Amino acid sequence: MTSLETIREKLAITEPWVESRGAYWLNPGPSSVRDVAAVMIALGARFVTITAYELPNGGGFRLEYHWDLTGNLLGFSFVIAGNSIESIYDLTEAADWIEREVHEGFAIHFTGREYEPLLLRPGDKLGVNLKEFSASAAEAPSQKEVAQ
Amino acid sequence: MSYKIPMGPYHPGLEEPYKLDMICEGETVRDAELHIGFNFRNIEHLAETRNYFQVIALMERVCGICSFIHTLTLCQAMEQLTGLQPPPRARYIRVIMAELERLHSHVLWAGIASKLMGFKTMFMTCFALREKVMDVLQAISGNRVNYSMNRIGGVNRDIEDPHSLLPLVDALEGEMMRTVIPIFTTSSTARSRCAGIGVLTHDKAISCAVVGPTARASGVNQDLRRDAPYAAYSEMQFQVPVEQAGDVRARLFVRALEIIESCRILRQALTAIPPGEVSVGGDKFAFATGTATSRVEAPRGEVMYSVSWKEGSRNPARVHVRTPTYANMPAVRWMVRGARLADTPLIQASIDPCYSCTDR
Chain Y
-5 MTSLETIREK LAITEPWVES RGAYWLNPGP SSVRDVAAVM IALGARFVTI TAYELPNGGG
55 FRLEYHWDLT GNLLGFSFVI AGNSIESIYD LTEAADWIER EVHEGFAIHF TGREYEPLLL
115 RPGDKLGVNL KEFSASAAEA PSQKEVAQ
Chain P
4 MSYKIPMGPY HPGLEEPYKL DMICEGETVR DAELHIGFNF RNIEHLAETR NYFQVIALME
64 RVCGICSFIH TLTLCQAMEQ LTGLQPPPRA RYIRVIMAEL ERLHSHVLWA GIASKLMGFK
124 TMFMTCFALR EKVMDVLQAI SGNRVNYSMN RIGGVNRDIE DPHSLLPLVD ALEGEMMRTV
184 IPIFTTSSTA RSRCAGIGVL THDKAISCAV VGPTARASGV NQDLRRDAPY AAYSEMQFQV
244 PVEQAGDVRA RLFVRALEII ESCRILRQAL TAIPPGEVSV GGDKFAFATG TATSRVEAPR
304 GEVMYSVSWK EGSRNPARVH VRTPTYANMP AVRWMVRGAR LADTPLIQAS IDPCYSCTDR
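Line order of the protein sequences matches chains Y and P. The first sequence begins at -5 in this note's numbering and counts up one residue at a time. The second sequence begins at 4 in this note's numbering and counts up one residue at a time.
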């Protein structure tokens, strides 16, 4: 827990950590994704992954960055109105593939890095929204009713 | 003069859809580029079209080796969203299945590694042992690959006579101790093919954030079963093997020692399994709006699921899966640097890569 408080202090965040369904969450406030990454790396945290969510009605995206610190899963959520956010690849090379995957799957641009080659699919299009791409390629299969 | 040697996606030294472009000078690999995605299935977005029963069956098919682990991780996340707690007996059954799957995976890997070393006798021995593990899995679940054991709130099947499985665990452990582990750890064939090759330094293991036996073989002491226990692992006594060398031999040692620890956990769980129900919650589930995350120590390392739901919906709003191979595979680039070209199939295999997981 001391480490969690250290993270708050280093990022100058007054809001408390919130434990919710498998992770500890901290609202990063004005801290950038690179500020958070720098603090986490300095404390010896292990980068786990980025989970991307497309917000409804063209409201942008929410990116959840997950880090492991001594067995605790720590989450930081960043909402982006447009489609770009700073890359942390130069701070932790573990972020390379997931940034490329999110770029290909959600058309989000991670600034300050290059992407080639395409990670998931052969082809020459970068920044394709894979969800829309797959939805247009084939209709979702019909599903059985859940037993009532 | 340097030249590029492509290995994969169709190659006898790499029998899965993945490509390693190696930049060589003579017989020495100077650098490598990794390419995945040849069999990408877009399972995460497919999951959004499945209801809470169907999504379990879908996610069981992310991986053919650790299919139980994937449904366990998913169900743990869904249990957090439904507020259901699996009963104690179900938590023990989950430990038993997870450790049997670890044995299955590690013995399968030992067989593949033996084949790549040119040690065909050991390959046959390992696969014979793997059959015995799969026989136990089949005896419990009725299936040999996709076990359909996990459900929201517990497991689908009970283990009616857990003590009857103890002789099978003893036989497996005996065979490992008599044959597999001594040969792997002492034979000159294994030593000459594995020692000092494919080194991943401790610092590089940290910066690449590798997980599982790949991390533990480079001196990174992490294991979610101990550090963030789930199911009934907090009630089990076991050691986490860690090696420092970071080479292929260290990865082999770590898995060999984990086999012994898995047998130890299995014996404890089969002996101490409590009586009672194996599931709660019936067939109808009410999900709360929000996101839940769950992590499990799979045979290859940490699996993480992030599952989002909207109240009243039958389908998940989002399922994100971070598989261990996805974290480990980029490190292969550093492992093959400076290696002999002939060693690269064994080096890439030493992380026990799962291309099915990676191309989820």
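Glycine is no exception: its CB is placed at the ideal position from the N, C-alpha and C atoms. These numbers come from a predicted model, not from an experiment.
- Taking 8 Å as the cut-off, the beta carbon of Y/I35 is found closer than this to the beta carbon of Y/L85.
- At a cut-off of 8 Å between beta-carbon atoms, P/C69 makes no contact with chain Y.
- Flagged as an interface residue toward chain Y: P/P333, by a C-beta distance shorter than 8 Å.
- For P/A80, a Cβ of chain Y is located within less than 8 Å of the residue's own Cβ.
- By the Cβ criterion, the region 303 to 310 of chain P is not in contact with the region 174 to 183 of chain P, since fewer than three pairs of Cβ atoms, one from each stretch, lie closer than 8 Å.
- For a Cβ distance threshold of 9 Å, residue set R15 of chain Y lies close to P/L84, ordered along the chain.
- Taking a contact as a CB-CB distance under 8 Å, the pair P/R252 and P/A198 counts as one, their CB atoms being some 5 Å apart.
- Excluding its 5 nearest sequence neighbours in each direction, Y/A31 has C-beta neighbours in its own chain below 7 Å: I82, L85 and T86, listed in chain order.
- With respect to chain Y, the C-beta atom of P/M62 has no partner C-beta closer than 8 Å.
- With respect to chain P, the C-beta atom of Y/E9 has no partner C-beta closer than 8 Å.
- In the displayed model, Y/E3 falls within a helix according to three-state DSSP.
- At least 8 Å separates the beta-carbon of P/R97 from that of P/A275.
- Beyond the five residues adjoining it in sequence on each side, P/N54 comes within less than 6 Å, by CB distance, of R317 and N318 in the same chain, given in chain order.
- By the C-beta density criterion, P/I115 is buried, having at least 16 other C-beta atoms within 10 angstroms.
- According to DSSP, P/Y6 shares a beta bridge with P/C27.
- Across the structure, P/V214 and P/Q79 are spaced so that their CA atoms are roughly 20 Å apart.
- At a beta-carbon threshold of 9 Å, none of the residues of chain P lie near Y/D84; the nearest stands roughly 11 Å away.
- When the Cα atoms are used, P/G293 and Y/I44 turn out to be separated by approximately 17 Å.
- In this structure, the CA atom of P/M137 is about 11 Å from the CA atom of P/L175.
- A Cβ-Cβ contact shorter than 8 Å links P/E300 with P/L227.
- For the region 199 to 221 of chain P, the residues whose beta carbon sits under 7 Å from a beta carbon of chain Y are, in order, S210, C211 and A212.
- Nearest to P/R336 by alpha-carbon distance, out of Y/P10, Y/I7, Y/V96 and Y/A88, is Y/A88.
- Per the Cβ contact rule, the region 182 to 202 of chain P is in contact with the region 120 to 130 of chain P (3 or more Cβ pairs under 8 Å).
- Chain Y places a beta carbon closer than 8 Å to that of P/A231, counting this residue as a contact.
- The Cβ atoms of P/L87 and P/G341 lie no closer than 8 Å to each other.
- In this structure, P/M338 lies away from P/V245, with their beta-carbon atoms at least 8 Å apart.
- About 5 Å separates the CB atoms of Y/W19 and Y/G69; that is less than 8 Å, so the two are in contact.
- The beta carbon of Y/E58 sits closer than 6 Å to the beta carbons of T45, G69 and S71 from its chain, once the five residues preceding and following it are set aside; these are given in chain order.
- Chain P has a Cβ within less than 8 Å of the Cβ of Y/L67.
- With its beta carbon less than 8 Å from one in chain P, Y/D90 belongs to the interface.
- The beta-carbon of Y/R28 is placed no less than 8 Å from the nearest beta-carbon of chain P.
- Nearest to P/P20 by C-alpha distance, out of P/G29, P/R33, P/R44 and P/S5, is P/R44.
- In the DSSP secondary-structure assignment, Y/F55 is bridged to Y/E48 and Y/I74.
- Leaving aside the five residues that flank P/S221 on each side, the residues in its chain whose CB is nearer than 6 Å to its CB run, in chain order, L203, H205, A208 and G249.
- Taken in chain order, the whole alpha helix (DSSP H) runs of length 4 or more contained in the region 169 to 251 of chain P are 169 to 178, 184 to 189, 191 to 197, 205 to 211, 215 to 219 and 227 to 230.
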